[in-house]
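**Q**
Number of protein chains: 2
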Amino acid sequence: MTTPDDPDGPDPDSPEGRGGASAVLPAGPPDTGRAPLDRRRILGAAIEYIDAQGLSALTMRRLGAHLGVEAMALYRYIPGREQLLDGVVESVIDELYGDPDVHLEASHGWQDYLQRLAHGVRRIALAHPEVFPLVATRPPAAPWVRPPLRSLRWVESFLVAMTSSGFSEDAAVAAYRAYSSFLLGHLLLEVSQKGVAVNAEDAGADFPEAEPDLSEYPTVVRLQELLSLDESAAEFEEALENLLERLEDVLREGRSPRHPESFTDRPD
Amino acid sequence: MTTPDDPDGPDPDSPEGRGGASAVLPAGPPDTGRAPLDRRRILGAAIEYIDAQGLSALTMRRLGAHLGVEAMALYRYIPGREQLLDGVVESVIDELYGDPDVHLEASHGWQDYLQRLAHGVRRIALAHPEVFPLVATRPPAAPWVRPPLRSLRWVESFLVAMTSSGFSEDAAVAAYRAYSSFLLGHLLLEVSQKGVAVNAEDAGADFPEAEPDLSEYPTVVRLQELLSLDESAAEFEEALENLLERLEDVLREGRSPRHPESFTDRPD
DNA sequence: CTAGCGCGTTTACAACGTAAACCGCTCGGG
DNA sequence: CCCGAGCGGTTTACGTTGTAAACGCGCTAG
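Right, dumping it as structure tokens:
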């Protein structure tokens, strides 16, 4: 039992769960017959390197070495390290285009659209846990381009999907914001949690872990097992479902998403 | 009008809105009669420096200079740069203790407790927008110590508040997770949005901003004003309210938070 | 054949984090 | 009175980083 998962079958967003999400094109043999080094190859190698060694290990020199080349060679294709990282996050979310389960148009209803998109992003986050914090924290181009959906193309797609499904413009924008927050919070916490888990695992198996002394926190110790369960998939699903319900209410009642008023007597 | 705020009065969580949140004790005069340099002073100066110059500008040497001291002097109090950053995030969330509006016990009900805590954290995030990404992304000590509430003490406080208010243990833990996700997503996006706004503002006032070409994204341009509105405070409030309602349902119906069931008859 | 140029290398430098040695105080015990 | 010890900060030093600038190689066009 490597992953203590629920009995509802394996997590559908786990790596290799879907085809397109983790297609990074591996850098190939590092020295034999080496391909002519273009921007895409560099970004792919950078993603691969971060996935394998962690973000802090990514260095111009080391990335160059990984590609069988000197560090300065990269500067003919990329202006500098910062822009390399920008390119990395762009490339990573562009993997959404290669995901056959995510559509740009809401041809099966907006709920289907949002569901597929959310799981697509989750698949990416889980495929590149070391990259995702970068996706989350790199300053966006404009204030309204929000992580983790960082591209104009997806913002456009999202807004079209919602407005063409009957949402007012206000409601579509509000939905965009709520959706971004939901995705970012859940996925960032999920990958960080996973990162801690593997760090704790490969650090010291014979070492007794050096717990920080829980004697002052009896409730924490009592609930420790419960707290240690990884229910990420189910929680993600539930929170997504709840968001969709909220949006459905907004749509049905045609009211402004702000000031929801009158929850005194909910009919259901 | 330095801050284009809404007409509903100023944001109650804006800096100086509440007393305790931004008490960082300024580093004092950098060279005259300098205090004897202990760990707290160093961490305070680091926070101050990050707030003023940005995270990437924080350097051992520069922080030393800011304190009127050589870089190596810091190593007598802090093992290294990574631990300095850990100390910074710990210090920043410890500001919660100084906030008179946030309580460790739910003496006025769990909703009041969660409301106050959420706004306390939001105040901190807004007071230290450059630090908050660190709070969000630094790997926690244990997988169940989740940002942005990163201390055992607050986890304990949270769980006690909920269980003593009638939540089952499962429900309390689920609430803890949902609450963390909500806070993290909203606040990280809010500070990142603010960061982009000020960056765009001080970069070039005479420069026409170099927009990236929106001609392919007609819906984005049509909704641009709407998208550019900063409704963070209201959205935060609304999402928090919604979370509290969900939790109230869980409490009232006494059911497990997972498997809300009975969504069988969705019209589509 | 040769001038140019696309592409990768070499060299160079300032800034970084940090190990290690080095002072100059202020002590407390003889 | 001395004097070794140790605390607190400095100096020196080293390896690594990002990147500017000059260099060279091999191809292709005139």
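Chains as they are written, first to last, in this note's numbering: chain A, 1 to 268; chain B, 269 to 536. Glycine included, each C-beta is placed from N, C-alpha and C at the ideal position.
My output table needs one value for V92 of chain A: the three-state DSSP class, helix, strand or coil.
**A** In this structure, V92 of chain A counts as helix in the three-state DSSP scheme.
**Q** Could you check whether the Cβ of S14 of chain A sits closer than 8 Å to any Cβ belonging to chain B?
**A** Cβ-Cβ to chain B under 8 Å: no for S14 of chain A.
**Q** Apart from the five residues just before and just after L385 of chain B, which ones in its own chain have a Cβ nearer than 6 Å to its Cβ?
**A** The answer, listed in chain order, is V370.
**Q** Below 7 Å on C-beta distance, what does R177 of chain A contact in chain B?
**A** Here the neighbours are E503.
**Q** Looking only at its own chain, which residues have a Cβ that is under 6 Å from the Cβ of L355 of chain B, when we skip the five neighbours before and after it?
**A** According to the sequence as given, residue 355 of chain B is Gly; it is not Leu. For G355 of chain B, where only same-chain residues beyond five positions count, the Cβ hits under 6 Å are L311.
**Q** How big is the Cα-Cα spacing for E245 of chain A and Y176 of chain A?
**A** Going from the Cα of E245 of chain A to the Cα of Y176 of chain A covers about 15 Å.
**Q** Run down chain B in chain order and give the residues with a C-beta less than 7 Å from the C-beta of E156 of chain A.
**A** Near E156 of chain A (Cβ distances below 7 Å), the residues of chain B are Y485, T487 and V488.
**Q** Take P12 of chain A and list the residues in its own chain whose beta-carbon comes closer than 6 Å to its own, dropping the five residues that flank it on each side.
**A** Cβ neighbours of P12 of chain A beyond the five flanking positions: none.
**Q** By Cβ distance, which residues of its chain are closer than 6 Å to L188 of chain A, with the 5 residues on each side in sequence left out?
**A** Excluding residues within five positions, the ones whose Cβ falls inside 6 Å are A136.
**Q** Are the stretch 211-223 of chain A and the stretch 154-163 of chain A touching by the rule of at least three beta carbon pairs closer than 8 Å?
**A** Segments in contact, no.
**Q** Tell whether a beta-carbon distance below 8 Å holds between A465 of chain B and P143 of chain A.
**A** Result yes, Cβ atoms of A465 of chain B and P143 of chain A sit closer than 8 Å.
**Q** Here's the rule: buried if 16 or more other CB atoms are within 10 angstroms of the residue's CB, otherwise exposed. What is A125 of chain A?
**A** Burial call: buried.
**Q** Roughly how many whole angstroms lie between the Cα atoms of R309 of chain B and H334 of chain B?
**A** Their backbone Cα atoms lie some 11 Å apart in a straight line.
**Q** Quick one: give me the first and last residue of the alpha helix (DSSP H) that Y49 of chain A is part of.
**A** First-last of the alpha helix (DSSP H) with Y49 of chain A: R39 to Q53.
**Q** What span of residues does the alpha helix (DSSP H) with Y113 of chain A cover, start to end?
**A** Here the alpha helix (DSSP H) through Y113 of chain A covers W110 to A127.
**Q** Please classify D517 of chain B as buried or exposed, where buried requires at least 16 neighbouring CB atoms within 10 angstroms.
**A** By the neighbour-count rule (16 or more Cβ atoms within 10 Å), D517 of chain B is not buried but exposed.
**Q** Would you call Q461 of chain B buried or exposed, if buried means 16 or more other Cβ atoms sit within 10 Å of its Cβ?
**A** Looking at its Cβ environment, which holds 16 or more other Cβ atoms inside 10 Å, Q461 of chain B is buried.
**Q** With 16 as the cutoff for other CB atoms within 10 Å, does D367 of chain B come out buried or exposed?
**A** Its Cβ being crowded by 16 or more others within 10 Å, D367 of chain B is buried.
**Q** Residues of chain B with a CB under 8 Å from the CB of D170 of chain A: which are they?
**A** By Cβ distance, chain B contributes L494.
**Q** Within a Cβ cutoff of 6 Å, which residues of the same chain sit near A501 of chain B, ignoring the five residues on either side of it in sequence?
**A** Cβ neighbours of A501 of chain B beyond the five flanking positions: D279.
**Q** By the three-class DSSP mapping on this structure, what secondary structure does L417 of chain B have?
**A** Three-state result, L417 of chain B: coil.
**Q** Compare the Cα-Cα distances from S436 of chain B to each of A:T219, A:L37 and A:G254 and report the closest residue.
**A** Looking at the Cα atoms, A:T219 is the closest of the given residues.
**Q** Indicate whether at least one CB of chain B lies closer than 8 Å to the CB of E159 of chain A.
**A** A small correction: the amino acid at residue 159 of chain A is Leu; Glu does not occupy that position in the sequence shown. At least one chain B Cβ lies under 8 Å of L159 of chain A.
**Q** Shortest alpha-carbon distance to E503 of chain B belongs to which of B:S483, B:P401, B:L451 and B:E521?
**A** Out of B:S483, B:P401, B:L451 and B:E521, B:L451 has the C-alpha closest to the C-alpha of E503 of chain B.
**Q** If you follow the alpha helix (DSSP H) that F504 of chain B is part of, which residue opens it and which one closes it?
**A** Run containing F504 of chain B: S500 to E521, per the alpha helix (DSSP H) assignment.
**Q** Which residue wins for smallest C-alpha separation from E190 of chain A, given the options A:R146, A:M162, A:E237 and A:S151?
**A** Looking at the Cα atoms, A:E237 is the closest of the given residues.
**Q** If you reduce the DSSP assignment to three classes, tell me which class T431 of chain B lands in.
**A** Note: T431 of chain B maps to helix in three-state DSSP.
**Q** Do V357 of chain B and R406 of chain B have their C-beta atoms closer together than 8 Å?
**A** It is a contact, given that the beta carbons lie within the stated cut-off.
**Q** In terms of residues, what are the limits of the alpha helix (DSSP H) holding T487 of chain B?
**A** P486 to R490 is the span of the alpha helix (DSSP H), which, as asked, contains T487 of chain B.
**Q** By the three-class DSSP mapping on this structure, what secondary structure does L183 of chain A have?
**A** Three-state result, L183 of chain A: helix.
**Q** In whole angstroms, what separates the C-alpha of Y365 of chain B from that of Y447 of chain B?
**A** Roughly 19 Å separates the two Cα atoms.
**Q** Leaving out five residues on either side along the sequence, give the residues of the same chain with a beta carbon under 6 Å from the beta carbon of P297 of chain B.
**A** Confidence at P297 of chain B is low in this model, with a pLDDT of 39, below 50, so the placement of that residue should be treated as unreliable; the coordinate-derived value is given next. So no residue of the chain qualifies.
**Q** Rounded to whole angstroms, what is the Cα-Cα separation between G64 of chain A and V131 of chain A?
**A** Approximately 19 Å, taken between the alpha carbons.
**Q** Helix, strand or coil, according to DSSP, for P100 of chain A in the structure here?
**A** Of the three classes helix, strand and coil, the one that applies to P100 of chain A here is coil, per DSSP.
**Q** Inspect the beta-carbon positions of L85 of chain A and L149 of chain A and report whether they are closer than 8 Å.
**A** It is not a contact, given that the beta carbons lie outside the stated cut-off.
**Q** Answer with buried or exposed for A439 of chain B, where buried requires no fewer than 16 other C-beta atoms within 10 angstroms of its C-beta.
**A** With 16 or more other Cβ atoms within 10 Å, it is buried.
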